[in-house]
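Notes follow the structure.
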Amino acid sequence: MPNGTNQIQIDGNRLWESIHSYAQIGATAKGGVKRLAFSSLDYQARDRFIDECVEMQMAISRDEIGNIFATMEGSEPDLPAVLVGSHLDSQPTGGKYDGALGVLTGLELAKSLYAAGKRPVRTLQLINFANEEGARFAPAMMGSGVFAGKLQLADMLAKTDSDGVSVQQAIALDTTGQYPARKERPIDSYFEIHIEQGPILEMESLPVGAVTGAQAQRWYDVTIIGSEAHAGPTPMIGRRDAGLGAAELSLAVEAIALEHGPDGRGTVGVLVPSPMSRNVIPGSAMLTIDTRHPDEDELGEMKQKLRVAADEIENRRGLSIDIKEIWHSPVTRFDAELVSRLEHFAAERQIGCRKIWSGAGHDAVYMASTGVPTVMVFVQTKDGISHNESESIKKEDAIAGCMVLCDAVLERLFRAED
Ligand code: HGY
Ligand code: MN
Ligand code: MN
Numbered sequence: 007m008p009n010g011t012n013q014i015q016i017d018g019n020r021l022w023e024s025i026h027s028y029a030q031i032g033a034t035a036k037g038g039v040k041r042l043a044f045s046s047l048d049y050q051a052r053d054r055f056i057d058e059c060v061e062m063q064m065a066i067s068r069d070e071i072g073n074i075f076a077t078m079e080g081s082e083p084d085l086p087a088v089l090v091g092s093h094l095d096s097q098p099t100g101g102k103y104d105g106a107l108g109v110l111t112g113l114e115l116a117k118s119l120y121a122a123g124k125r126p127v128r129t130l131q132l133i134n135f136a137n138e139e140g141a142r143f144a145p146a147m148m149g150s151g152v153f154a155g156k157l158q159l160a161d162m163l164a165k166t167d168s169d170g171v172s173v174q175q176a177i178a179l180d181t182t183g184q185y186p187a188r189k190e191r192p193i194d195s196y197f198e199i200h201i202e203q204g205p206i207l208e209m210e211s212l213p214v215g216a217v218t219g220a221q222a223q224r225w226y227d228v229t230i231i232g233s234e235a236h237a238g239p240t241p242m243i244g245r246r247d248a249g250l251g252a253a254e255l256s257l258a259v260e261a262i263a264l265e266h267g268p269d270g271r272g273t274v275g276v277l278v279p280s281p282m283s284r285n286v287i288p289g290s291a292m293l294t295i296d297t298r299h300p301d302e303d304e305l306g307e308m309k310q311k312l313r314v315a316a317d318e319i320e321n322r323r324g325l326s327i328d329i330k331e332i333w334h335s336p337v338t339r340f341d342a343e344l345v346s347r348l349e350h351f352a353a354e355r356q357i358g359c360r361k362i363w364s365g366a367g368h369d370a371v372y373m374a375s376t377g378v379p380t381v382m383v384f385v386q387t388k389d390g391i392s393h394n395e396s397e398s399i400k401k402e403d404a405i406a407g408c409m410v411l412c413d414a415v416l417e418r419l420f421r422a423e424d
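For reference, each letter of the sequence shown is one residue, going 7 to 424 in the numbering used here.
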């Protein structure tokens with residue numbers, strides 16, 4: 007524990023209960039959660055978070071993309087504030103820990119400070135970032151991207167989901183309009199705890215990781231045009247089958263990622279031929295492509311190879327294939343000093359910990375892009391499985407991660423000098 011903070015008792019049991027209580031909001035039959043961004047269930051979880059903060063007399067504010075901020079003013083309110091955040095929105099078949107662990111750990115820290123009657127020197131600001139997942143409205147990390155000034159609000163409000171509903175229309179259904187706009191203030195640091203969503207910590211039997219940064223991502227939307235025709239009388243030779251073009255391009259995405267292995271990643275998460283009739287040759291198709299790599303140059307080469315593969319399929323099949331890059335999240339490094347503080351507090355508590363790189367994107371990526379000292383704690387994930395209703399972590403690992411994060415945050419909160 008940092009000096010002067012030992013009467014602040016983080017209650018790991020209360021955190022674990024809180025996580026499983028929030029998991030009831032949007033609970034799915036298979037044990038996961040479905041709280042798509044800007045949906046009523048997303049708002050329900052977020053409103054619960056707001057209510058718990060208001061009970062501790064924390065000031066609530068919001069911004070125009072729907073990020074929510076809960077503020078516990080420090081005794082030196084002019085000193086730069088310490089931010090702790092993550093997200094409560096989920097994938098359609100999401101797990102109960104992805105994002106929620108981070109928001110609810112911040113809440114647990116505030117509860118511990120409040121219960122001890124201990125006002126921090128610096129202001130603590132908790133954040134629930136809107137639409138981190140990018141599942142309903144691409145791109146991912148939308149709320150933090152707008153907050154960081156890297157994504158333009160107007161562009162994001164115009165994004166639409168598969169039903170043609172825009173972010174602007176979805177936000178209009180929000181119930182927190184009555185909260186004031188967040189006031190700009192200097193930021194000391196940003197902390198986020200998250201499940202690893204990969205297998206490394208479990209393979210090494212470590213409960214937590216000190217995250218050093220995140221790999222780059224490039225997302226694409228692809229439209230393929232062929233010609234619709236009858237599945238019966240139309241000979242195989244000469245067809246312009248957009249569905250098969252999409253299938254071949256999907257295999258090319260996998261091949262390109264493997265060529266750039268072992269770190270290259272390529273996924274086609276959505277592939278929709280049209281008109282989706284069994285006895286009609288698809289005249290068009292749309293697909294989404296998610297590519298990632300820790301090396302920007304390699305990710306750039308993967309992009310070029312994607313176009314080359316598309317050209318070859320286009321020419322051979324008489325199709326037109328339009329590939330639109332819709333998002334680039336660059337390689338991001340977190341603050342080395344904060345990483346070493348996490349390792350220090352883990353060692354002090356005799357909690358096994360190692361430096362680790364993030365394969366997933368997180369709100370912390372955009373926070374780091376603003377120049378604010380930023381760091382994450384990862385928690386071991388069973389079988390490395392996430393974005394899956396079976397997502398699971400051990401209670402003792404969640405508590406270990408919470409303790410390490412809170413130690414590092416408390417050290418910053420009670421640090422008077424700048
Ligand atoms: O896709 C990601 O990396 C994050 O989970 N949104
Ligand atoms: Mn997440
Ligand atoms: Mn996620």
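Just so you know, even glycine gets a beta-carbon here, dropped at the ideal spot from N, CA and C.
Apart from sequence neighbours up to five positions away, the residues of its chain that approach E304 with a beta-carbon distance below 6 Å are H266, ordered along the chain.
DSSP places M78 inside the beta strand (DSSP E), whose first and last residues are 74-78. Within its own chain, the residues whose Cβ lies closer than 8 Å to the Cβ of S256, once the five positions on either side in sequence are excluded, are V274, L277, L293, listed in chain order.
In this structure the region 322-329 touches the region 219-229; the number of beta carbon pairs closer than 8 Å is three or more. Of the residues M373, S375, F351, V345, the one whose Cα lies closest to the Cα of I362 is V345. Remark: the shortest separation between the CB of S92 and any heavy atom of ligand 2 falls under 8 Å. Exposure of Q63 is indicated by the presence of fewer than 16 other C-beta atoms within 10 angstroms of its C-beta.
Residue pairing from DSSP leaves Y49 without any beta-bridge partner. Taking 8 Å as the upper bound for CB-CB distance, F55 and V109 are in contact here, some 6 Å apart. Burial state of D104 is buried, judged by a 10 Å Cβ sphere holding 16 or more other Cβ atoms.
Ranked by Cα distance from A121, the options L132, I16, F75, T77 are led by I16. Beyond the five residues adjoining it in sequence on each side, D48 comes within less than 6 Å, by CB distance, of R41, D95 in the same chain, given in chain order.
Counting C-beta atoms within 10 angstroms of its own C-beta, D317 has fewer than 16 neighbours from the protein chains shown and is therefore classed as exposed. Burial is judged here by how many other beta carbons sit within 10 angstroms of a residue's own beta carbon; E423 has fewer than 16 and is exposed.
A straight line joining the alpha-carbon of A235 with that of R142 spans about 32 Å. Under DSSP, the beta-bridge partners assigned to I329 are V228. Around the beta carbon of N321, a 10 Å sphere encloses fewer than 16 other beta carbons of the protein chains shown; the residue is thus reported as exposed. In the structure shown, V371 falls within a helical segment according to DSSP collapsed to helix, strand and coil. Applying a distance threshold of 5 Å between residue Cβ atoms and the heavy atoms of ligand 2 selects D104, G105, given in chain order. Nearest in C-alpha terms to A315, of all of S398, I133, A263, E190, is A263. As DSSP reads the structure, H93 sits in no beta bridge. Rounded to whole angstroms, the separation of the alpha carbons of M382 and A216 is 6 Å. With a cutoff of 9 Å on beta-carbon distance, T387 and I199 are scored as not near each other.
Counting C-beta pairs with one atom in each stretch, the region 157-170 and the region 12-31 have fewer than three that are closer than 8 Å, which means they do not touch.
Each residue's CA atom was taken as its position, placing M7 and D389 some 31 Å apart. The beta carbon of I391 sits closer than 7 Å to those of E397, all from its chain and outside the five residues before and after it, given in chain order. Residue pairing by DSSP puts F384 in a beta bridge opposite H200, G215. For N285, there is no enclosing alpha helix (DSSP H), since its DSSP letter is neither H nor E. The residue among R224, P186, S280, K189 with its C-alpha nearest the C-alpha of G232 is S280. Inclusion of G272 and I295 in the CB contact set at 9 Å is warranted, their separation being smaller than that value.
Proximity to ligand 1 was defined by a C-beta distance below 6 Å to any of its heavy atoms, and the residues meeting it, in sequence along the chain, are E138, E139, G140, A146, A366, G367. Short of 6 Å from the beta carbon of E417, and not among the five residues preceding or following it, lie these beta carbons of its own chain, in chain order: P8. Counting along the chain, no beta strand (DSSP E) covers M62, and no H or E run does either. The straight-line gap separating the alpha-carbon atoms of S364 and A220 is approximately 4 Å. Under the three-state reduction of DSSP output, L264 falls in the helix class. For the set V385, E343, S335, the Cα lying nearest the Cα of M147 is the one of S335.
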